[in-house]
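Peer 1: FYI, in my numbering the residues of the sequence shown are 9 to 962.
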Amino acid sequence: MLQVSNNMNGTTPLKKHVSKSSFRESLKHEYDEYLQSQASRFNTEDCLRVDLHCHDHNSDVPDELWGRILRLPETWLKTKELVALLQKNKMDVVTVSNHNNARSCWQLLDQGIDVLVAAEFTCYFPEYELYIHVLTYGFSKEQEVVLNEKRQNIYDFLRYTTQANLPVIMPHPLYFYTKNEKIDLSLFEKLAVMFQRFEVLNGQRDLWQSVLTLNWAQSLTAEKIAAYATKHNLAPADFGVDPNKPKILTGGSDDHTGIFAGQCGSNLYIPNLAKRLETEKPSDLALEALREGNVSPFGQIGENQKLNIALLDYFSQVATKITDPGLLRIMLHRGSAWDKIGCFTISNFLLEMQKNKKAMKFFQFIHDALQGKKPNKLIKWKTSKNYRFCFEYLEQIADSKNKSPEEFVTTVNEVIGHLFSYLNKLMATKIEEIIGSNVSKNKDTKLRNISTEEITRKFEVPSQLTALFFGNNVKKDNMSNVKIEKLLDHLSFPLLISTFLAGATLASTRVLYQNRKLLNDFAEHLGKNRHQNKALYLTDTLRDKNGVSNSLSGKLKEVQKADLPIDFLICHSDIAPEPHLFVVRPISSFSVPHYHDQEIRLPDLIEIARIFYEGGYDRIVCSTEGPMAVVSLFLQQMFNVPSYFFMHTDWIDFIKHGTDLTQYERDRVRRLLRALYNRYDGIFVLNTEHKSWLTDHEMQLEASKVFLTAHHTQPRDETIKAMQKSDIITDATDDTPILFVACRVSKEKGLFDLPEIIAKAKRNIPDLRLVIAGSGPATQELKQQLPEAVFLGWQNKEQLAALYLTLDLFIFPSKFDTFGNVILESFVHGMPTLAYNCKGPKDIIQHNINGYLVETIDEMANKVVEFFSNKTQRQLMKNNALVRALQYQAQPIMHQFMGDLGLDIPEHYTIKSNVTAIPCTSTNSFILAEVEYASCDNESIPLKTNNLTEKTVV
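(1) Just to check my reading of the structure: Phe820 and Thr841 have Cβ atoms closer than 8 Å, yes? What is that Cβ distance to the nearest angstrom?
(2) Give the range of the beta strand (DSSP E) segment to which Pro305 is assigned.
(3) Near Lys409, which residues of its chain fall below 6 Å by C-beta distance, leaving aside the five closest residues on each side in sequence?
(4) Given 8 Å as the limit, is there contact between the region 685-695 and the region 577-584, that is, 3 or more CB pairs closer than that?
(5) Jot down the residue ranges of each uninterrupted alpha helix (DSSP H) in the region 311-386, minimum 4 residues, whole runs only, in chain order.
(6) May I ask you to report which of helix, strand or coil DSSP gives Thr391?
(7) If you follow the beta strand (DSSP E) that Tyr401 is in, where does it begin and where does it stop?
(8) Output the distance between the C-alpha atoms of Lys289 and Ile278, rounded to the nearest integer angstrom.
(9) Between which two residues does the alpha helix (DSSP H) harbouring Gly555 extend?
(10) Are His720 and Tyr917 touching if we call contact CB-CB under 7 Å?
(11) Tell me whether Glu706 sits in a helix, a strand or coil according to DSSP, three-state version.
(12) What whole-angstrom Cβ distance do Trp659 and Val677 have, given they're in contact under 8 Å?
(13) Quick one: what's got a C-beta closer than 8 Å to Ala172's C-beta in the same chain, skipping five residues either side?
(14) With distances taken between CB atoms, is the gap from Met707 to Arg682 smaller than 7 Å?
(15) Mind the definition here: the region 363-378 touches the region 500-510 only if three or more C-beta pairs lie below 8 Å; say whether that holds.
(16) For Asp548, count neighbouring Cβ atoms within 10 angstroms of its own Cβ and tell me buried if that reaches 16, exposed if not.
(17) Between which two residues does the beta strand (DSSP E) harbouring Gly260 extend?
(18) Where Ser516 and Tyr621 are concerned, what is the direct C-alpha to C-alpha distance, given to the nearest angstrom?
(19) Could you compute how far the alpha carbon of Asp333 sits from the alpha carbon of Arg79?
(20) Is the number of C-beta pairs between the region 505-513 and the region 314-323 that are closer than 8 Å three or more?
(21) Does Asp100 come out as helix, strand or coil in the three-state DSSP assignment?
(22) Pairing CB atoms from the region 252-259 with CB atoms from the region 286-306, are three or more of them under 8 Å?
(23) Would you report the Cα separation of Asn554 and Cys751, rounded to the nearest angstrom?
(24) Would you check if the distance between the CB atom of Lys755 and the CB atom of Ala730 is smaller than 7 Å?
(25) Determine, using beta carbons only, whether Asp539 and Leu193 come nearer to each other than 7 Å.
(26) Please list, in chain order, all residues of the same chain as Leu473 whose beta carbon is under 7 Å from its beta carbon, the five residues on each side excluded.
(27) Kindly indicate which three-state DSSP category Asp725 falls into: helix, strand or coil?
(28) Does the distance from the CB of Leu794 to the CB of Ile746 come in under 7 Å?
(29) Roughly how far, in whole angstroms, is the beta-carbon of Met99 from the beta-carbon of Asp59, given that I think they are within contact range, below 8 Å?
(30) Jot down the residue ranges of each uninterrupted beta strand (DSSP E) in the region 48-77, minimum 3 residues, whole runs only, in chain order.
(31) Phe206 to Val219, Cα distance in whole Å?
(32) Assign Ser105 to one of two classes, buried (16 or more other C-beta atoms within 10 Å of its C-beta) or exposed (fewer than that).
(33) Please report the straight-line C-alpha distance between Thr864 and Ile853, rounded to a whole angstrom.
(34) Keeping to the same chain, check which residues put their C-beta closer than 6 Å to that of Gly310; ignore five residues upstream and five downstream.
(35) Excluding sequence positions up to five away, which residues of its chain have a Cβ less than 6 Å from the Cβ of Gly75?
(36) Would you mind sorting Gln671 into buried or exposed? The rule is 16 or more other CB atoms within 10 Å of its CB.
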């Protein structure tokens, strides 16, 4: 029966300690040094503190297309609330830099409040079809009208500000509000000529962008600017740029929510400040300092955490304030069809969500907590016990608001993770309760009877949606039989909130890295601050009792031994972290019928996202189609990084040989797999047949995206020796012919061919015996058909090694395995293999050299007889098996794997050539093999072994 294991005590996940990567540590160290130098640059008594970049409710027309389609302002923050926050954070000058208008500044001036007039104008760069922001200060109402006219062309705009002596700043130079393929490094050459001032500290951007901007701006020498001016036919003087003066570097919070305003900003130096304030306004002095360039940034970069908090607050307000944008507005607005479909979907989701009163109250509580307001205690005690934890977390957020900014940011992000984890555990418990209730009411429905076939047949959604949500009393082979409306009713609150938290987390990082390629190119051009190449390898199985787990464990072992730039991540309750291995505790664990030895563990999505970010990874590998595949696609979208999938199982063959699904039902699975694999930037496969299948008409993947790879062998443990055959089979002698099978005991492994194979072979070899190692659902049925076979059950690596060394011929009757790791294991110990001529084995076994490849049961029985009939050939095949194992060494296979991933290969991990003496199983000879460790191409993973000779020991 389906079982759910939950930990509802709110404890943090089991994981390896996550420290920042060396890449991020170096960025932080570099930026901290810069800020320290700026802090001592001017006498603080002669400085005015000002946040040069913040917004209030008059930023009501967002630059993001979806915000305009949905009629959403960038913020609902009132001007007086922003001013109060700026004053609380000890800003000496108030300014509000709203988008394309200075309405808030004019209103404050009308109220008699001194303010530095500002706006953030969106200007058009024609040759790049790009809109960029320009912070502009000190203009009049009449000039504001002209500026809005001129902003349709960035060149006209900047020439006008120069003539009017209006200081301008290029904010967040590496961040643009859209992904634009026309952006290249020539854009930044022009910006160097057109701007004197750049914002290098933006409270909503991450550390990498800030350090890149800082180093670029500081690298702009007079010679470079002059060369750029000549190249692009631009005159620096037209834009108020003096190439002989260093660029002026500024800071601002870019706050839209009233949470971080004034925590980042600029110190404006005015000599003899106190005296001048007696007769002059602070805003006039601030404008003078900006013009002169006497500016030093202050504050801290919060990585993606600050933006995550800002979007969390923004989304919580959107959820409660959004109104119907209108279908015609969506249809007729500028934007692609996908933009409009996305906005239509979001608006409907949010409008439906407003019907959930609990969710709406919670969103309001989130907004209040982020502003430092605690929920009413009476409401807390009226709330269901299951949801009181939400209030406890909100109280933690509100309390931290009154502490240091760093502590507030840390607390909020930790609480988001705890809330997400707890809500998902709660959902898992509710699902189990609902399913259990349905089972008890309908005695004919038992979860333990749900088969792979039944799940696959039910995996469909009716096109008549009323059948899905409201029933119809029509029995169909799809999800209309599931009471979705009842399930959603029970899960509505935790599902909405957890989706909301995940969405805010994804969006906060996605917006920072939507132009990741540009950032990489920029770092390459700059020659420093390159993002490290490092992969996070996600898998649902690592220390389990299956072939996939064994091969992945071998890959991890090689990574650990060579200290390669790959880390593994597994979701498990008991495994301890290791070097290069992260472990997160599952939110829930499901025991699936028919596969009780393989749990499905649901990982904590936000916890893994945090590990990915702090670890400094820039690509993902996923090797199983379970929950980790969902996580990998989430990370792909969140961080805009390349992602790869490593195929271990041919699911089409699996269901073909292990189920009675029809061709139509198998096609349903194939289409689902095609949709999944197409989401990845590359697919790794283990055999040539599988590569052809993925690139032909059925799966239609691009050939350039499919990489052929292989598992590698593990070195033989020389301390393990062969046993006596009588230790395994009591009445056996050393001459008794014994076949060996090691695999999961299930029908899809082809094991039910064995009774006929053994029976036919015994006609010529009466004393032939069979030993089977492994466990699985078909064990009892197979025992009944093979009463004379020896069933050893599951064996560990040491026990298997002794069996390989003791027994004679490995038999591999599976027709669906993509590789056959056990074949390599047998070769390592000098045991030949007999297998069907199908995809995995035929790429490994060399027919009549180190094993046999056959087509039928009769041929398999005949080869058993042939093997035991010729002792000389048997000995040679054993020796050749050892040679073949050498062709699957870890280093060359991992070398190519890393190359296909685009990872930098460490200098110490080099390819070498050597001659290896391989001892024969006989006592008087050895095989001299020159093993060629060359880089493999995509078509031929196994390496060549040259000059194979047999020498007699003198």
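Cβ coordinates follow ideal geometry from the N, Cα and C atoms, glycine included.
Peer 2: In short:
(1) Yes, they are in contact, since the Cβ atoms of Phe820 and Thr841 sit about 6 Å apart, within 8 Å.
(2) 303-306
(3) Gly380, Phe416
(4) no
(5) Given a length threshold of 4 residues, each whole run of the alpha helix (DSSP H) inside the region 311-386 is given here in chain order: 313-329, 335-340, 345-361, 365-378.
(6) coil
(7) No beta strand (DSSP E) contains Tyr401, which is instead part of the alpha helix (DSSP H) from 396-409.
(8) 12 Å
(9) 555-570
(10) no
(11) coil
(12) 6 Å
(13) Phe147, Gln151
(14) Contact flag set, yes.
(15) yes
(16) buried
(17) 256-260
(18) 12 Å
(19) The question names Asp, yet the displayed sequence has Pro at residue 333. Approximately 6 Å, taken between the alpha carbons.
(20) yes
(21) coil
(22) With the rule of 3 Cβ pairs closer than 8 Å, the region 252-259 counts as touching the region 286-306.
(23) 8 Å
(24) no
(25) Per the sequence shown, the amino acid found at residue 539 is His instead of Asp. Taking 7 Å as the Cβ cut-off, His539 and Leu193 do not qualify as a contacting pair.
(26) For Leu473, the predicted model reports a pLDDT of 49, less than 50, meaning its position is unreliable; a value from the coordinates is still stated below. Cβ within range, chain order: n/a, list empty.
(27) coil
(28) At the C-beta level, Leu794 and Ile746 stay beyond 7 Å of one another.
(29) 6 Å
(30) 55-58
(31) 13 Å
(32) buried
(33) Each residue's Cα considered, the two are about 17 Å apart.
(34) Leaving aside the five residues that flank Gly310 on each side, the residues in its chain whose CB is nearer than 6 Å to its CB run, in chain order, Val417.
(35) Nothing listed; no residue qualifies.
(36) exposed
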